[in-house]
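Since the structure comes first, as structure tokens, the remarks are kept for the end.
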Amino acid sequence: MQNRILRKITAAALVLMFAVVGCQNVTEVAETNDQSIDQVIDGQYIVVMKGSDSGKFKLGDVRQVEEVRSKLVAEAKIAPEKIVHKYNNVIAGFTAQLSDAQLDKLKNSDNVDYIEEDRIYTFAPPCGTPNGGPCDDPNDGGGSSSQVTPYGITRVNGGTTYTGSNVAWVIDSGIDLDHPDLNVDASRGYNAFTSGRDGKSLDDGNGHGTHVAGTIAALDNTEGVIGVAAGATVIPVKVLDSRGSGSYSGVIAGVDHVGANASAGDVANMSLGGPTSDALDDAVLTASSNGIWFSLAAGNSSEDANNSSPARVNGSYIVTISAMDSNDDWASFSNYGNPPVDYAAPGVSVNSTWKDGGYNTISGTSMAAPHAAGVLLLGNAGTDGNVNGDPDGTPDPIIVN
Numbered sequence: 005m006q007n008r009i010l011r012k013i014t015a016a017a018l019v020l021m022f023a024v025v026g027c028q029n030v031t032e033v034a035e036t037n038d039q040s041i042d043q044v045i046d047g048q049y050i051v052v053m054k055g056s057d058s059g060k061f062k063l064g065d066v067r068q069v070e071e072v073r074s075k076l077v078a079e080a081k082i083a084p085e086k087i088v089h090k091y092n093n094v095i096a097g098f099t100a101q102l103s104d105a106q107l108d109k110l111k112n113s114d115n116v117d118y119i120e121e122d123r124i125y126t127f128a129p130p131c132g133t134p135n136g137g138p139c140d141d142p143n144d145g146g147g148s149s150s151q152v153t154p155y156g157i158t159r160v161n162g163g164t165t166y167t168g169s170n171v172a173w174v175i176d177s178g179i180d181l182d183h184p185d186l187n188v189d190a191s192r193g194y195n196a197f198t199s200g201r202d203g204k205s206l207d208d209g210n211g212h213g214t215h216v217a218g219t220i221a222a223l224d225n226t227e228g229v230i231g232v233a234a235g236a237t238v239i240p241v242k243v244l245d246s247r248g249s250g251s252y253s254g255v256i257a258g259v260d261h262v263g264a265n266a267s268a269g270d271v272a273n274m275s276l277g278g279p280t281s282d283a284l285d286d287a288v289l290t291a292s293s294n295g296i297w298f299s300l301a302a303g304n305s306s307e308d309a310n311n312s313s314p315a316r317v318n319g320s321y322i323v324t325i326s327a328m329d330s331n332d333d334w335a336s337f338s339n340y341g342n343p344p345v346d347y348a349a350p351g352v353s354v355n356s357t358w359k360d361g362g363y364n365t366i367s368g369t370s371m372a373a374p375h376a377a378g379v380l381l382l383g384n385a386g387t388d389g390n391v392n393g394d395p396d397g398t399p400d401p402i403i404v405n
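In the working numbering, the protein residues as written are 5 to 405.
Written out as structure tokens, the structure is:
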């Protein structure tokens, strides 16, 4: 029971960076990984309450969840200003800054299932940015006054104008809200930040989230690029700041928002990941059980994706995506393993939208996952061949529309 109550990060997990998994210069993966930071947020914990089978609350019933949560908070004498996030829909619980005495009190509560240390993470600059180095293919960079179709869009049989009613939720660094090549609905978005520059807007101060959104749904409008499900609505769920930093607790809050507000058939893209987290995994799995598709990046550590959350989560509406290049060859940085990996998709030198109305070419499984998200949004996921050189010996099928 004590092992369940307080999850300890293992030595192996400590060497696995918790980072946005798509921002890698393919020719310099080891160097850029060294720039990533993964550390515990001292004194901050994710508290997950016992499930609805306890009979004390039903997930999604905010009143019931709050009743149990308030009792826990009162018993542990936690001041309101120490509560960082509350979760009602995909897990029930909260994140708070706790003293040792408060932590011990919660650990011994019959209403607590488990507790995890919260963690902060930062990703290295992506290739194609001033500090990130050049990308692999200089002929595939930037936008233009006339529209181009990135090779990945062609490879997955995308570029189809989207006519459905479902949307894509981009759990990332925000989206450039007025990018001319994107159809953004900020009114349904969510911001995990409540102060500072990033707390003021869902706008993307980094570029990563905008890049993901463009691969999913850039408009067919004669300029820039075109996305897999061209013109589909993209919704920013901002859990990473302008520096590319975030926390487990903030990502879970974003998933909680999607679980409460998305409709069956919508797609959520998560181009991020790191050391294993039961709380994050449970949140994603529960949200997907409502018929919401989740496209998860496998990770860029060249190792088993089962060592990374949320990549390791398996479910009927969850796909984990590895990366390949324009020749269907395995991307050397990509994580592997079946399960959890379901498909491969283009993730090397991917051209897409960027912050401030721009365009950029970057590489990683973060770029592969939105190709799959676009295919899922179109609603007709199939396969066309297998990736070449999969290191686990079971070649991942290539997802196509």
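Think of the CB as a built atom: it goes at the ideal place given N, C-alpha and C, for glycine as much as any other residue.
**OP:** Report the rounded CA-to-CA distance for alanine 257 versus valine 94, giving the unit in angstroms.
**Re:** 9 Å
Subject >> Simplified DSSP assignment, three categories, for alanine 349 >> reply: strand
Subject >> 7 Å CB neighbourhood of aspartate 394 in its chain, flanking five on each side removed >> reply: Trp334, Tyr340, Asp400
Original post:
Can you tell me where the alpha helix (DSSP H) with leucine 76 in it begins and where it stops?
Top reply: 66-79
Subject >> DSSP three-state assignment for leucine 300, whether helix, strand or coil >> reply: strand
Original post:
In terms of residue numbering, what span does the beta strand (DSSP E) encompassing asparagine 364 cover?
Top reply: 363-366
Subject >> 7 Å Cβ cutoff met for glycine 235 and tyrosine 166 >> reply: yes
Original post:
Under 7 Å between the Cβ atoms of aspartate 202 and serine 246?
Top reply: yes
**OP:** Spatial neighbours of glycine 97 within its chain, please: CB distance less than 6 Å, with the 5 preceding and 5 following residues excluded, ordered by chain position.
**Re:** Val51, Val52, Met53, Tyr91
Original post:
Are the beta-carbon atoms of methionine 328 and valine 354 separated by less than 7 Å?
Top reply: no
Original post:
Buried or exposed: threonine 36, going by 16 or more other Cβ atoms within 10 Å of its Cβ?
Top reply: Only weak support is given to the placement of threonine 36: the predicted model assigns it a pLDDT of 27, under 50, and the question is left unresolved by the model.
**OP:** Using beta-carbon positions only, say whether valine 352 and threonine 324 come within less than 7 Å of one another.
**Re:** no
Subject >> Cβ-Cβ distance between isoleucine 179 and threonine 214 below 7 Å >> reply: yes
**OP:** Could you tell me which of Gln106, Asn170, Ala196 sits nearest to alanine 83, measuring between CA atoms?
**Re:** Gln106
Subject >> Contact set for aspartate 318: own chain, Cβ-Cβ below 6 Å, skip 5 residues either direction >> reply: As written in the sequence, residue 318 is asparagine, which differs from the aspartate given in the question. Answer for asparagine 318: Pro343, Pro344, listed in chain order.
Subject >> Continuous alpha helix (DSSP H) stretch holding threonine 290: start and end >> reply: 282-292
**OP:** Identify the continuous beta strand (DSSP E) that holds proline 240 and give its terminal residues.
**Re:** 237-242
Original post:
How many angstroms separate the CA atom of serine 330 from the CA atom of leucine 244?
Top reply: 29 Å
**OP:** Compare the C-alpha of serine 113 against each of Thr398, Glu79, Phe197 and name the closest.
**Re:** Glu79
Original post:
In its own chain, which residues sit with a C-beta less than 8 Å from the C-beta of glutamate 120, not counting the 5 before and 5 after it?
Top reply: Leu10, Arg11, Tyr49, Ile50, Val52, Tyr252, Ser281, Asp282, Ala283
**OP:** Decide if the region 149-164 is in contact with the region 261-276; the criterion is three or more beta carbon pairs, one per stretch, under 8 Å apart.
**Re:** no
Subject >> Run of the beta strand (DSSP E) containing lysine 62, from where it starts to where it stops >> reply: Looking at the DSSP string, lysine 62 is not in any beta strand (DSSP E), and its letter there is neither H nor E.
Subject >> asparagine 390 versus isoleucine 402 - alpha carbon distance >> reply: 5 Å
Original post:
By a C-beta neighbour count over all protein chains shown, 10 Å radius and 16 as the cutoff for buried, is valine 229 buried or exposed?
Top reply: buried
Subject >> 6 Å CB neighbourhood of valine 404 in its chain, flanking five on each side removed >> reply: Val160, Asn161, Gly386, Asp388
**OP:** Look at the alpha carbon of aspartate 396 and the alpha carbon of leucine 300, and state the distance between them as a whole number of angstroms.
**Re:** 19 Å
**OP:** Reducing DSSP to helix, strand and coil, say where threonine 398 ends up.
**Re:** coil
**OP:** Look at the Cβ atom of valine 69, then the Cβ atom of arginine 123, and state whether they are nearer than 7 Å.
**Re:** no
**OP:** Would you decide whether serine 199 is buried or exposed? Buried here means 16 or more other CB atoms lie within 10 Å of its CB.
**Re:** exposed
**OP:** Report the three-state DSSP secondary structure of serine 249 (helix, strand or coil).
**Re:** strand
Subject >> C-beta contact flag for alanine 287 and valine 259 at 7 Å >> reply: yes
Subject >> For arginine 159, the three-state DSSP class (helix, strand or coil) >> reply: helix
Subject >> serine 336 versus isoleucine 239 - alpha carbon distance >> reply: 31 Å
Subject >> For alanine 348, the nearest candidate out of Ala377, Ile366, Gly278, Trp358 (CA to CA) >> reply: Ala377
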